[in-house]
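One structure is given here, and the rest of the page talks about it.
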Ligand SMILES: [Zn+2]
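Numbering (the working numbering), first residue to last: 1 to 83.
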């Protein structure tokens, strides 16, 4: 099971991607200078979402909460199913 932190990271990533997608879809039909500005904004949003993506992958790698076959520290993070 993914943990709470993972869900938070996914949510951040998701909204960053949404921001990027919105910025990118605003690119069409703009005149030169405004295009440049919108492009900058889209690039910035892309970099932010890349940062979140990296954080998400790092978390998955370090915490292992998404790997089904790995049970090493599965129960230690959120749930204590054992007495
Ligand atoms: Zn986790």
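Where is the CB? At the ideal position from N, CA and C, for every residue including glycine.
Residue 63 Cβ short of 7 Å to ligand 3 heavy atom set:
No copy of ligand 3 appears in this structure; the ligands present are ligand 1.
Using C-beta distances below 6 Å, list every residue in its chain close to residue 40, excluding the 5 sequence neighbours before and after it, in chain order.
Here residue 40 is taken as the residue at index 40 of the chain shown, counted from 1. Excluding sequence neighbours, residue 40 sits near nothing in its chain.
Give the secondary structure of residue 7 by DSSP, where H, G and I count as helix, E and B as strand, and everything else as coil.
By one-based count along the chain shown, residue 7 stands at place 7. Correct three-state label for residue 7: helix.
Taking 7 Å as the cut-off, does the CB of residue 31 come closer than this to any heavy atom belonging to ligand 1?
As a first step, residue 31 must be located in the chain shown, where it is residue number 31. For ligand 1, not one heavy atom lies less than 7 Å from the Cβ of residue 31.
With burial defined as no fewer than 16 other Cβ atoms inside 10 Å of the residue's Cβ, what is the status of residue 27: buried or exposed?
As a working note, residue 27 is residue 27 in the chain shown. Under this definition residue 27 is an exposed residue.
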